[in-house]
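2 protein chains.
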Amino acid sequence: MIRNTLYLPELREMLAEGDAAGLGEFCTAIHPARTAEFMEGLDAAEVWEVLRHAEPMRRAEIFSFLEQPRQVEMLETLDPQEMAELVADLAHDDRVDILQDAEPQTVEELLPLVPDEERRDILRLSAYPEDTAGAIMTSEYARLNEDDTIDAAVEAITRSLREGDLQTINYLYVVDKADHLRGVVSVAQLLSALAKPAMQIGDIMNQSVVSVDVDADQEKVAAEVARYDFAAIPVVDAEHHMLGVITHDDVIDVVREEAVEDAQRIGAVDPLEETYLETSLLTLTWKRGIWLIILFFGALLTAIALRGYEDRLAQWAWLVLFIPLVISSGGNSGSQSATLIISALAAGHISLTDWSRIVVRELVQGILLGAFLGLIGYGAARMLGVASFDAAVVPITLLLVVLCGTLTGSLLPLLFRRLGFDPAIMSTPFVAGIIDLVGIVIYMTVASRLLAA
Amino acid sequence: MIRNTLYLPELREMLAEGDAAGLGEFCTAIHPARTAEFMEGLDAAEVWEVLRHAEPMRRAEIFSFLEQPRQVEMLETLDPQEMAELVADLAHDDRVDILQDAEPQTVEELLPLVPDEERRDILRLSAYPEDTAGAIMTSEYARLNEDDTIDAAVEAITRSLREGDLQTINYLYVVDKADHLRGVVSVAQLLSALAKPAMQIGDIMNQSVVSVDVDADQEKVAAEVARYDFAAIPVVDAEHHMLGVITHDDVIDVVREEAVEDAQRIGAVDPLEETYLETSLLTLTWKRGIWLIILFFGALLTAIALRGYEDRLAQWAWLVLFIPLVISSGGNSGSQSATLIISALAAGHISLTDWSRIVVRELVQGILLGAFLGLIGYGAARMLGVASFDAAVVPITLLLVVLCGTLTGSLLPLLFRRLGFDPAIMSTPFVAGIIDLVGIVIYMTVASRLLAA
Numbered sequence: 003m004i005r006n007t008l009y010l011p012e013l014r015e016m017l018a019e020g021d022a023a024g025l026g027e028f029c030t031a032i033h034p035a036r037t038a039e040f041m042e043g044l045d046a047a048e049v050w051e052v053l054r055h056a057e058p059m060r061r062a063e064i065f066s067f068l069e070q071p072r073q074v075e076m077l078e079t080l081d082p083q084e085m086a087e088l089v090a091d092l093a094h095d096d097r098v099d100i101l102q103d104a105e106p107q108t109v110e111e112l113l114p115l116v117p118d119e120e121r122r123d124i125l126r127l128s129a130y131p132e133d134t135a136g137a138i139m140t141s142e143y144a145r146l147n148e149d150d151t152i153d154a155a156v157e158a159i160t161r162s163l164r165e166g167d168l169q170t171i172n173y174l175y176v177v178d179k180a181d182h183l184r185g186v187v188s189v190a191q192l193l194s195a196l197a198k199p200a201m202q203i204g205d206i207m208n209q210s211v212v213s214v215d216v217d218a219d220q221e222k223v224a225a226e227v228a229r230y231d232f233a234a235i236p237v238v239d240a241e242h243h244m245l246g247v248i249t250h251d252d253v254i255d256v257v258r259e260e261a262v263e264d265a266q267r268i269g270a271v272d273p274l275e276e277t278y279l280e281t282s283l284l285t286l287t288w289k290r291g292i293w294l295i296i297l298f299f300g301a302l303l304t305a306i307a308l309r310g311y312e313d314r315l316a317q318w319a320w321l322v323l324f325i326p327l328v329i330s331s332g333g334n335s336g337s338q339s340a341t342l343i344i345s346a347l348a349a350g351h352i353s354l355t356d357w358s359r360i361v362v363r364e365l366v367q368g369i370l371l372g373a374f375l376g377l378i379g380y381g382a383a384r385m386l387g388v389a390s391f392d393a394a395v396v397p398i399t400l401l402l403v404v405l406c407g408t409l410t411g412s413l414l415p416l417l418f419r420r421l422g423f424d425p426a427i428m429s430t431p432f433v434a435g436i437i438d439l440v441g442i443v444i445y446m447t448v449a450s451r452l453l454a455a
Numbered sequence: 003m004i005r006n007t008l009y010l011p012e013l014r015e016m017l018a019e020g021d022a023a024g025l026g027e028f029c030t031a032i033h034p035a036r037t038a039e040f041m042e043g044l045d046a047a048e049v050w051e052v053l054r055h056a057e058p059m060r061r062a063e064i065f066s067f068l069e070q071p072r073q074v075e076m077l078e079t080l081d082p083q084e085m086a087e088l089v090a091d092l093a094h095d096d097r098v099d100i101l102q103d104a105e106p107q108t109v110e111e112l113l114p115l116v117p118d119e120e121r122r123d124i125l126r127l128s129a130y131p132e133d134t135a136g137a138i139m140t141s142e143y144a145r146l147n148e149d150d151t152i153d154a155a156v157e158a159i160t161r162s163l164r165e166g167d168l169q170t171i172n173y174l175y176v177v178d179k180a181d182h183l184r185g186v187v188s189v190a191q192l193l194s195a196l197a198k199p200a201m202q203i204g205d206i207m208n209q210s211v212v213s214v215d216v217d218a219d220q221e222k223v224a225a226e227v228a229r230y231d232f233a234a235i236p237v238v239d240a241e242h243h244m245l246g247v248i249t250h251d252d253v254i255d256v257v258r259e260e261a262v263e264d265a266q267r268i269g270a271v272d273p274l275e276e277t278y279l280e281t282s283l284l285t286l287t288w289k290r291g292i293w294l295i296i297l298f299f300g301a302l303l304t305a306i307a308l309r310g311y312e313d314r315l316a317q318w319a320w321l322v323l324f325i326p327l328v329i330s331s332g333g334n335s336g337s338q339s340a341t342l343i344i345s346a347l348a349a350g351h352i353s354l355t356d357w358s359r360i361v362v363r364e365l366v367q368g369i370l371l372g373a374f375l376g377l378i379g380y381g382a383a384r385m386l387g388v389a390s391f392d393a394a395v396v397p398i399t400l401l402l403v404v405l406c407g408t409l410t411g412s413l414l415p416l417l418f419r420r421l422g423f424d425p426a427i428m429s430t431p432f433v434a435g436i437i438d439l440v441g442i443v444i445y446m447t448v449a450s451r452l453l454a455a
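Same order as they appear, the protein sequences are chains Z and C.
The working numbering numbers the first residue of the first sequence as 3 and each following residue consecutively.
The working numbering numbers the first residue of the second sequence as 3 and each following residue consecutively.
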């Protein structure tokens with residue numbers, strides 16, 4: 003983390019002098035995200051000392067921009083009564099995330115001190131399983147009824163805004179008495195209707211609301227929001243009861259989080275739940291080790307395969323020289339194909355129905371790339387002193403291995419998607435491992451046929 | 003692409019019968035994104051035939067949800083006058099993207115038919131270089147002056163909304179006569195101020211506006227918006243003139259696009275400008291080939307290195323069996339480290355200043371993983387008939403190679419970031435290639451020392 007040390011000495015001086023005016027201005031004059039950033043060098047107690055000089059709403063806002071480990075540390079170490087008041091003011095989705103990372107005993111201590119209504123909300127939102135729509139939604143959205151007048155709606159919204167109870171007013175959701183989602187009014191529609199204050203919300207609302215199910219996977223929700231360019235999407239249960247709202251900023255977080263997870267899967271690391279530095283060394287070692295061991299046993303097969311060709315390797319010793327070259331060329335072309343296909347699947351650029359086009363494309367690329375590498379390989383074999391006829395083993399092998407790489411690398415992720423698994427499990431090292439083994443067999447078979455002829 | 007064929011027969015029937023009422027309802031009753039989706043099976047002319055039955059604003063909205071290649075095809079093949087009218091109604095940032103993908107002669111034909119003001123806007127936005135803030139911003143945002151009253155502001159905004167000239171009203175930007183960005187008013191603030199219609203915008207505006215420079219890299223803009231949880235961010239030039247706005251949906255697109263590009267770089271493919279299926283086979287082969295050839299020449303070095311050890315390989319023939327195992331273990335652990343570090347850098351979870359912590363962590367992981375793989379490797383060597391003393395070459399080599407993999411895989415991306423390059427260029431195949439070579443040298447050195455002793 004790059005610490006912003008620009009204001010630190012001034013901040014510490016103001017704290018030492020108890021400069022309430024200066025600290026108060028620091029909390030209000032700049033964007034809360036910047037205030038939070040400037041405090042990164044302070045310890046938990048010092049941060050709180052600064053935040054005391056902000057209004058409760060502003061305080062919660064600045065707090066929400068601190069790094070999550072710092073937020074958790076503050077809840078765990080500072081005065082429980084003050085922290086409970088802070089928790090009550092936080093955004094409903096954020097505070098659930100923070101409390102889930104805190105020690106259970108901190109949560110047990112804090113929760114009873116949080117006002118009843120807020121505590122019930124925390125418990126309700128905490129109940130949804132991780133990575134679902136329910137786990138990232140918030141309960142702070144504007145709810146209207148069909149028979150509200152425009153005037154009454156505006157009044158209700160401004161009251162909620164004053165109390166800090168809304169995270170988004172891009173859309174105002176219309177529910178019936180049983181809380182079923184009936185329609186949506188955009189803030190633009192509301193503004194446009196201001197001239198007719200007595201009109202009812204039901205007259206201007208849009209009845210075709212796109213919503214997501216509370217159990218939906220967060221990745222699917224993000225894809226949906228990205229497709230419709232929504233600023234927020236409502237979350238409903240099976241009976242279409244309105245449960246919450248997912249806002250654009252949460253969607254961006256999900257997209258970024260999933261990109262990191264996909265990259266880790268592609269690189270044969272079991273996705274980390276926390277950031278690289280936050281993950282304990284043992285967890286990290288385990289999440290890599292499990293894949294490394296699987297790949298290691300795969301690689302052991304190459305040793306066993308090679309043992310079957312020991313007499314040929316003794317007879318034509320120069321074959322050994324090109325073992326790494328052959329398997330890495332296959333592995334690299336396979337990794338490339340796997341990367342292209344996995345990322346195109348993740349981005350929604352291709353789907354299973356495109357499989358035949360993909361096969362043709364990878365076939366052509368495999369032949370072109372394999373033939374070209376084969377040409378260079380033949381030259382290299384000649385330069386290393388291999389006889390002109392014998393050296394033909396290298397280009398023939400390279401063509402076949404690269405072709406095998408592009409086809410395996412592209413088809414395995416598609417197969418995994420077809421079987422309902424995450425295609426990224428077909429990590430590039432996994433693909434490379436398979437091609438290592440196949441590559442050895444191709445190499446030795448080509449050599450035996452050609453050289454024994 | 004999964005085509006949605008559910009409505010196709012009905013749509014074709016309505017088209018054949020000229021059922022204006024049915025087609026009109028199809029264009030209005032469901033979300034425009036869904037309307038666009040249902041028309042994926044139609045050809046360009048049929049799509050336009052359907053869209054004729056929608057109001058111009060709705061027509062433009064539905065059109066904006068079609069796949070980009072289809073949009074381009076429609077502009078290129080349908081009546082220029084009608085297409086020019088459509089272009090005039092499109093979102094200002096979207097139409098620039100579409101026109102940049104169309105044939106130059108289509109653009110030349112269409113532009114003169116587009117109204118003056120809109121044409122100037124297209125030319126202005128087209129001028130910004132790709133992947134910068136300027137290239138993704140839109141010119142449709144709400145502009146107010148400090149001395150506007152609340153009432154006048156609301157009236158101006160509702161007028162603009164009626165004309166479809168606003169892409170976002172989350173924030174209303176306050177500019178002076180020379181177009182300098184002076185402040186920002188959120189729509190929430192505006193709603194809350196409705197009760198005091200004679201108050202001026204200057205009294206409620208927020209003067210600390212976070213903006214981005216028009217030349218800023220789109221990836222940095224996305225990171226900024228994600229950090230501040232903004233729904234939109236204003237774009238300014240060096241003199242702080244307001245030029246445009248980037249909205250949350252464009253940011254999501256950038257984040258998704260950059261994730262795909264990063265994955266491709268990590269997988270040693272030069273990032274594609276279009277999707278996998280849209281990219282021509284020759285381009286695709288070239289973008290892979292260039293890296294594959296670089297990696298191939300790297301791998302050739304392993305052949306040369308191995309030639310230096312030919313006599314030892316002849317003396318202890320069993321050493322050959324473990325060549326693929328040794329280099330793949332090093333390559334895999336190196337790929338894992340490179341993936342972890344590159345994705346953590348991209349997500350902002352680590353920075354260069356953390357390098358010493360990273361080295362320690364990778365050192366510990368390398369020792370743990372190397373030792374464990376070494377244990378299995380020793381067992382495997384024994385099982386394949388290697389003498390108990392000789393077999394020690396395998397675990398010692400594995401420990402050193404895996405350690406070398408974790409350190410190289412983590413340090414190379416950091417080094418590249420330090421040198422100002424994209425750390426993802428240190429693709430996992432590249433890291434693996436380096437470790438292949440180092441692995442061979444370590445293996446042969448360990449073997450020579452131990453077996454000759």
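Even glycine gets a Cβ: it sits at the ideal position worked out from N, Cα and C.
Just to confirm my understanding: we take residue i, look at its own chain, exclude 5 residues before and 5 after, and list those with CB closer than 6 Å. What are they?
i	result
Val448(Z)	Val395, Ile398, Thr399
Met3(C)	Here the model assigns Met3(C) a pLDDT of 34, short of 50, so the residue's position is not dependable, and the following value carries that caveat. Taken in chain order, the list of residues that qualify is empty.
Tyr502(Z)	Because chain Z in this structure spans residues 3 to 455, residue 502(Z) falls outside the shown range and cannot be described.
Gln220(Z)	Asp133, Ile138, Val256
Pro58(Z)	Asp91
Starting from residue i and walking both ways along the alpha helix (DSSP H), at which residues does that stretch end?
i	result
Asn334(Z)	325 to 348
Gly291(C)	283 to 309
Pro106(C)	106 to 112
His94(C)	94 to 103
Gln209(C)	Run containing Gln209(C): none; DSSP gives neither H nor E here.
Tyr380(C)	357 to 385
Tyr445(Z)	430 to 454
Glu119(C)	118 to 128
For residue i, which residues of its own chain have a beta-carbon under 8 Å away from its beta-carbon, when the five flanking residues on both sides are left out?
i	result
Val323(C)	Per the sequence presented here, residue 323(C) reads as Leu, with Val not at that position. So the qualifying residues of the chain are Leu386.
Arg5(C)	No answer about Arg5(C) holds up, because its pLDDT of 44 lies below 50 and its placement is not dependable.
Leu377(Z)	Pro397
Are the CB atoms of residue j and residue i within a distance shorter than 8 Å?
i	j	result
Ala225(C)	Gly350(C)	yes
Ile152(C)	Pro199(C)	yes
Phe67(Z)	Ala35(Z)	yes
Val247(Z)	Val216(Z)	no
Gly269(C)	Ser337(Z)	yes
Ser412(Z)	Ser345(Z)	no
Ile254(Z)	Ala348(C)	no
Thr304(Z)	Asp438(Z)	yes
Provide the residue(s) that pair with residue i in DSSP beta bridges, ordered along the chain.
i	result
Leu174(C)	Ala144(C), Val187(C)
Val247(Z)	Thr140(Z), Pro236(Z)
Thr151(C)	Gln202(C)
Thr134(Z)	Asp219(Z)
His182(Z)	His243(Z)
Give me, in chain order, the residues of the same chain whose beta-carbon lies closer than 7 Å to that of residue i; leave out the 5 immediate sequence neighbours on both sides.
i	result
Glu48(C)	Leu17
Gln202(Z)	Glu148, Asp149, Asp150, Thr151
Ala373(C)	Leu401
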